[in-house]
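Worksheet: one structure, shown below.
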Amino acid sequence: MHDPTLSVRSMCLVVLAVVAGCEAGGPGNPVFGADDLATRSPVSAASAEVLESDGSLAALTAEVRQLRVAVEQLARSQTEAQALGAALSGQQRRVEQITQQLDEVRREIEQAAGRSQGFDGQAARFLQELSVTTDLAGRAAMEHALRQVEAERDADARALQDARARESNLSRTLALEEDRWNALLARAGQAGR
3 MHDPTLSVRS
13 MCLVVLAVVA
23 GCEAGGPGNP
33 VFGADDLATR
43 SPVSAASAEV
53 LESDGSLAAL
63 TAEVRQLRVA
73 VEQLARSQTE
83 AQALGAALSG
93 QQRRVEQITQ
103 QLDEVRREIE
113 QAAGRSQGFD
123 GQAARFLQEL
133 SVTTDLAGRA
143 AMEHALRQVE
153 AERDADARAL
163 QDARARESNL
173 SRTLALEEDR
183 WNALLARAGQ
193 AGR
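For the sequence shown, the tail end lands on 195 under the working numbering, and the numbers increase by one without skipping.
Right, here's the structure in full:
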């Protein structure tokens, strides 16, 4: 990562070196002429005119202040961009996590629905066999097996209902997190302009 404090310090050192160089030239022997300032210096036109007119240290100080403000604004922009990037990354992970949870719950629902159909088939077979069985011991065994299948089917139905409730909650949560993701993307787009 890029340290904005280091960038500000580097810019200040460059500015101080320029100021020292200008002072070394002295008033009668400037290191940079007016033409050099207009073509090489990243100063604004108004600042260049002030430097041309009096070449004073006050004008240079004003330019240094403007540069400092520009560097501070750049550092702020970089910090905001880094924060936005971190927020986007975190939000993307959150959306992926919820999507994965939702996929798992949907697999649970699919499996529970399949088991429920199997239980229904077993119960139907036991009921049919009960209708034709006349042996008391055989009927008792089938009734016991039927009760077990019905108990398993009821437990599975409750699990299916719970899984569907979780699916509904996760779907709503995913929609909210995707809205947040889209809002962050919009902010990033506006910041990029």
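No residue lacks a Cβ here, since even glycine has one placed at the ideal position from N, Cα and C.
For clarity, every value in this text was computed on a predicted model and none was experimentally measured.
Opening and closing residue of the alpha helix (DSSP H) in which residue i lies
i: Ser79; result: Leu59 to Val134
Local Cβ density within 10 Å of residue i, reported as buried at 16 or more and exposed below that
i: Ala185; result: exposed
i: Val151; result: buried
i: Glu65; result: buried
i: Leu129; result: exposed
i: Leu178; result: exposed
i: Leu62; result: buried
i: Leu59; result: exposed
i: Leu172; result: buried
8 Å Cβ shell around residue i - same chain, five flanking residues per side excluded
i: Ala165; result: Val107, Glu110, Ile111 and Ala114
i: Ala83; result: Ala193
i: Ala125; result: Leu148, Val151, Glu152 and Arg155
i: Leu187; result: Leu90
i: Val97; result: Leu176, Glu179, Glu180 and Trp183
Cβ-based neighbour list, residue i, same chain, cut-off 7 Å, excluding 5 preceding and 5 following
i: Arg168; result: Val107
i: Ala190; result: Leu86 and Leu90
i: Glu131; result: Met144
i: Thr135; result: Arg141 and Met144
i: Arg182; result: Gln93
i: Asp158; result: Ala114, Arg117, Ser118 and Phe121
i: Val71; result: none
Residues near residue i in its chain [Cβ-Cβ closer than 6 Å; skip 5 each side]
i: Met3; result: Bear in mind that a pLDDT of 47 at Met3, under 50, signals an unreliable position, so the model cannot answer this.
Closer than 8 Å to chain B by CB, residue i
i: Val151; result: Of the chains in the structure shown, none is chain B; there is only one protein chain.
Residue i beta carbon near the ligand ZN (any heavy atom closer than 7 Å)
i: Ala159; result: With respect to the ligand ZN, the structure offers nothing, as it holds no ligand at all.
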